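Peer 1: Residue numbers (the UniProt record's numbering): 1 to 301. Every residue, glycine too, gets a C-beta built ideally from N, C-alpha and C. Keep in mind the model is a prediction, meaning the values are calculated, not measured.
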């Protein structure tokens, strides 16, 4: 029997051609994807390396605060129902005005902080700054006001309707520094509010400070939110800073430090009295100053 043999070479099976083509296609696709990913990564790194824009410290709002001294607040015949509004309001009470301070607020930088502060200045009820005390003065540094607590003690009342301030968890809100006299700042690390008050569901941190100069206060930086500046009345701020305060002797302070080291809770309670003004300094009035074109308001460093 004669067998026929083809002289033509047999073609390779198709099953061997497809993997070769598919691998080539996948390789090209992988190269394209790798190039795109590398480009995106480079763009992301470039974006991360760009400096953030500086805080917008345009003054969007203006408020005023009138400060006075009241001689009747600690009089012996005072009753529990008496507070600053009944003891220190009006000329017959003998209160002496110190002066007016006009504050410019950075509403674009920290909008919630500014909004809450304006509310505390304009809503004249038990939860406002009006008829509340300047509770501490640190000579050559700053003074504190707006402590939350009991209204009969010259403090801000409960604040159930005030919006919770999410600026306090925004790292950019802490960028501005306490670099000079007249800086207005929301107290977070320096506040003097009672620990029991802070556990209340209605607690809102509204205590604020104003730096008095003559120099900066770097110990306040990155811990408190700067939200405004003094536009007028820096001489009033200086006058408040010059009011004498209670400060124990060096020996008592050393005993206090030792008690704190030993874990005695009375040490903190004792320090709550330090730096309190020996005169009753209070906010006799406050409110908002309307301007015709707030978008043209100046910016300050």
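Report the three-state DSSP secondary structure of residue 61 (helix, strand or coil).
Peer 2: Position 61 of the chain shown, counting from 1, holds the residue named residue 61. Three-state DSSP puts residue 61 in a strand.
Peer 1: Using CA coordinates, which residue listed in 83, 159, 62, 63 is at the minimum distance from residue 71?
Peer 2: Taking the chain shown and counting its residues from 1, one reaches residue 71 at position 71. When each option's Cα is compared against that of residue 71, the closest is 83.
Peer 1: Span of the beta strand (DSSP E) holding residue 96?
Peer 2: Locating residue 96 in the chain shown gives position 96, where the first residue counts as 1. 96-105 is the extent of the beta strand (DSSP E) around residue 96.
Peer 1: Distance, Cα to Cα, residue 277 vs residue 192?
Peer 2: If you number the chain shown from 1, residue 277 lands on position 277. If you number the chain shown from 1, residue 192 lands on position 192. Each residue's alpha carbon lies about 14 Å from the other.
Peer 1: Between the region 248-266 and the region 185-201, do at least 3 Cβ pairs fall closer than 8 Å?
Peer 2: The region 248-266 vs the region 185-201: no contact.
Peer 1: Have a look at residue 267 and residue 275 and give me their C-alpha separation to the nearest angstrom.
Peer 2: In the chain shown, counting from the first residue as 1, residue 267 sits at position 267. In the chain shown, counting from the first residue as 1, residue 275 sits at position 275. Approximately 15 Å, taken between the alpha carbons.
Peer 1: Could you check if residue 289 is buried or exposed, using at least 16 other CB atoms within 10 Å of its CB as the buried criterion?
Peer 2: Locating residue 289 in the chain shown gives position 289, counting from the first residue. Exposed, because fewer than 16 other Cβ atoms sit within 10 Å of the Cβ of residue 289.
Peer 1: Assuming residue 282 contacts residue 122 under a Cβ cut-off of 8 Å, what Cβ separation, rounded to an integer in Å, is found between them?
Peer 2: As a position in the chain shown, residue 282 is number 282, starting the count at 1. As a position in the chain shown, residue 122 is number 122, starting the count at 1. Actually they are not in contact, since the Cβ atoms of residue 282 and residue 122 sit about 18 Å apart, beyond 8 Å.
Peer 1: Using DSSP bridges, identify the partner residues of residue 277.
Peer 2: On the chain shown, position 277 is the one that residue 277 refers to. Residue 277 is bridged to 245.
Peer 1: May I have a chain-ordered list of the alpha helix (DSSP H) segments no shorter than 4 residues that lie completely inside the region 163-226?
Peer 2: Along the length of the region 163-226, whole alpha helix (DSSP H) runs at least 4 residues long occupy 195-198, reported in chain order.
Peer 1: Pull up the CB-CB distance for residue 182 and residue 230, whole angstroms please, since I reckon it's below 8 Å.
Peer 2: Sequence index remark: in the chain shown, residue 182 carries index 182 (1-based). Sequence index remark: in the chain shown, residue 230 carries index 230 (1-based). The pair is a contact, with the Cβ atoms about 3 Å apart (cut-off 8 Å).
Peer 1: Count the other C-beta atoms from every protein chain shown that fall within 10 angstroms of the C-beta of residue 252, then say buried if there are 16 or more, exposed otherwise.
Peer 2: Working through the chain shown from its first residue, we reach residue 252 at position 252. With fewer than 16 other Cβ atoms within 10 Å, it is exposed.
Peer 1: Between which residues of its own chain and residue 120 is the CB-CB distance below 6 Å, once the five residues before and five after are set aside?
Peer 2: Position 120 of the chain shown, counted from the start, is the residue given in the question as residue 120. Within the same chain, residue 120 has close Cβ partners 128, 129, 206.
Peer 1: Look up residue 317 in the DSSP assignment and say whether it is helix, strand or coil.
Peer 2: For the chain, the structure presents residues 1 to 301; residue 317 sits outside this window and is missing.
Peer 1: Around the Cβ of residue 94, are there at least 16 other Cβ atoms within 10 angstroms (buried) or fewer (exposed)?
Peer 2: For the purposes of this step, residue 94 is identified with residue 94 of the chain shown, where counting begins at 1. The residue in question, residue 94, is exposed, as its Cβ has fewer than 16 Cβ neighbours within 10 Å.
Peer 1: In its own chain, which residues sit with a C-beta less than 7 Å from the C-beta of residue 143, not counting the 5 before and 5 after it?
Peer 2: Locating residue 143 in the chain shown gives position 143, counting from the first residue. Closer than 7 Å at the Cβ level, and outside the excluded window around residue 143, lie 134, 136, 137, 209, 210, 212, 240, 241.
Peer 1: Can you tell me which of 264, 59, 204, 103 puts its alpha carbon nearest to the alpha carbon of residue 287?
Peer 2: Residue numbering aside, residue 287 sits at position 287 when the chain shown is read from its first letter. Ranking the options by Cα distance to residue 287, first place goes to 103.
Peer 1: Is the separation between the beta-carbon of residue 225 and that of residue 145 shorter than 8 Å?
Peer 2: Counted from its first residue, the chain shown places residue 225 at position 225. Counted from its first residue, the chain shown places residue 145 at position 145. Taking 8 Å as the cut-off, the beta carbon of residue 225 is found no closer than this to the beta carbon of residue 145.
Peer 1: Might you give, ordered along the chain, the residues of its own chain that have their beta carbon closer than 8 Å to the beta carbon of residue 200, omitting 5 neighbours on each side?
Peer 2: Counting from one through the chain shown, the residue named residue 200 turns up at place 200. Taken in chain order, the residues that qualify are 158.
Peer 1: Measure the C-alpha to C-alpha separation of residue 236 and residue 97 and round it to an integer number of angstroms.
Peer 2: Within the chain shown, numbered from 1, the residue matching residue 236 stands at position 236. Within the chain shown, numbered from 1, the residue matching residue 97 stands at position 97. Rounded to whole angstroms, residue 236 to residue 97 spans 10 Å at the Cα level.
Peer 1: Label residue 167 either buried or exposed according to how many other C-beta atoms from any shown protein chain fall within 10 Å of its C-beta, with 16 as the threshold for buried.
Peer 2: Within the chain shown, numbered from 1, the residue matching residue 167 stands at position 167. It counts as buried.
Peer 1: Identify whether residue 250 lies in helix, strand or coil by the three-state DSSP scheme.
Peer 2: In the chain shown, the residue the question calls residue 250 occupies position 250. For residue 250, the three-state secondary structure derived from DSSP is helix.
Peer 1: Are the CB atoms of residue 105 and residue 233 nearer to each other than 8 Å?
Peer 2: In the chain shown, the residue the question calls residue 105 occupies position 105. In the chain shown, the residue the question calls residue 233 occupies position 233. No, they are not a contact pair.
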